[in-house]
Amino acid sequence: METNLLPGGPSYGLLDESGVQMETTVCRPVLSPTHINGTASETFTVLQQKMRIVEEQTSSLRDDLIMLGYGDRRGQLETPNYLEDPASQKAISPIPNEVICPESPGNLGRNYEFLVNRMCYLENLIQSLKMNIFHLQTGKESNPQKTAFLNDQLNIKQGEHSKGLKLLQLEVMNLRQQLKVVKEEEDRAQDEMQRLTATLEIATETKKNAAVIEEELKTTKRKMNLKIQELRRQLAQEKLVRESLETSASSMLLKVQEMGSVVEAERQQVHALQEKCTALHSSMKTTQDLLAQEQRKNEDLGMTISQLKSDLSMQTLLRARMV
């Protein structure tokens, strides 16, 4: 398959206000020629792309003619409804389907007929555009009043364009001022975001430190709770011991009171015994005095007896001598 499109298009001659002819050429993108053994679907795709480009350029040229002020001929330039709807188009098939693709006369045949219809419509439309351009040229040459009117309209449009351009310039200045204000606000917002980011980092670090401190506090709290439980247990034991000691102290107090009573009774007995001992001591002293007197008397009696015995012995001796 060989396809080739030239980059140029049909040329049209137009006359300006000074009578100089201007060449208007419909331009379209260049499609490079190819020499490949393409299938029927590829051929249809390439043709469809080329047809779309031609249609877009023709539509642009038609809109340009309408914008020039020839609205009374608008009906001649608009696309018929039956061509805009592919389903309502009548098939024009100058070549039989069997010649196109005998093995698949279905979709490819319908696409071929659709392309033929579009090409016929474009040829008719381009011919109409040529005729309208010719009428425009002749009308411009034969009707200078309309040309002056168009120039006046052009001047009015240019004035309106200048005013609009000035308004747009003012609006651009206002937008630049607003953009400057927005830029300053954005810079301030950026600075604020950096400050908040730094604050957030500090807060995050503080939060991490607080989490570590909280964990340490939890550990300390657990240790304190364990110590408090131990102290409570010891306190309970001490309470039991204290109650036991209080009970024992009460018993001991009762015993001490009983012993106090016994000691008091014993003291009274001792006092009585002391009084008896004192009396006995006095009696003993009196007895000792009496005994000493009796001993002295006995000694005197012994001496007297000894004297008497001596006297008796002497008398006996004397009696014996006398005998």
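Just so you know, our numbering puts 232 at position 212 of the sequence shown, and the rest follows in order with no gaps. Glycine included, every Cβ here is placed at the ideal spot set by N, Cα and C.
*Using 8 Å as the cut-off, classify the Cβ of A223 as near or not near the heavy atoms of the ligand SAM, replying yes or no.*
What this structure holds is no ligand at all, so the ligand SAM is not there to describe.
*Taking Cβ to Cβ, would you say L142 is nearer than 9 Å to E75?*
In this structure, E75 lies closer than 9 Å to L142 by Cβ.
*asked:* Does M342 come out as helix, strand or coil in the three-state DSSP assignment?
replied: Three-state DSSP puts M342 in a helix.
*Rounded distance between the beta-carbons of T78 and L170, thought under 8 Å*: So it is not a contact: roughly 24 Å between Cβ atoms.
*Contact check, M71 vs M139, beta carbons under 9 Å*: M71 is a Cβ neighbour of M139, given a cutoff of 9 Å.
*Sub-9 Å separation of L81 and L156 beta-carbons*: Note that the C-beta distance between L81 and L156 is not below 9 Å.
*Have a look at Q257 and Q249 and give me their C-alpha separation to the nearest angstrom.*
Q257 and Q249: Cα-Cα distance of roughly 12 Å.
*How many angstroms separate the CA atom of T158 from the CA atom of N152?*
Those two C-alpha atoms are separated by around 10 Å.
_Tell me the rounded alpha-carbon separation between S326 and L310._
Within the model, the alpha-carbon separation for S326 versus L310 is close to 24 Å.
*When you compare only the Cα positions, how much space is there between L332 and T324?*
Answer to the nearest angstrom: the Cα atoms are 12 Å apart.
_Rounded to whole angstroms, what is the Cα-Cα separation between L300 and A292?_
Cα atoms of L300 and A292: separation of roughly 12 Å, rounded to the nearest angstrom.
*Compare the C-beta of Q157 with all C-beta atoms of chain C and state if any pair is closer than 9 Å.*
Of the chains in the structure shown, none is chain C; there is only one protein chain.
*Mark M342 as exposed unless 16 or more other C-beta atoms lie within 10 angstroms of its C-beta, in which case mark it buried.*
Within 10 angstroms of the beta-carbon of M342 lie fewer than 16 other beta-carbons, which makes it exposed.
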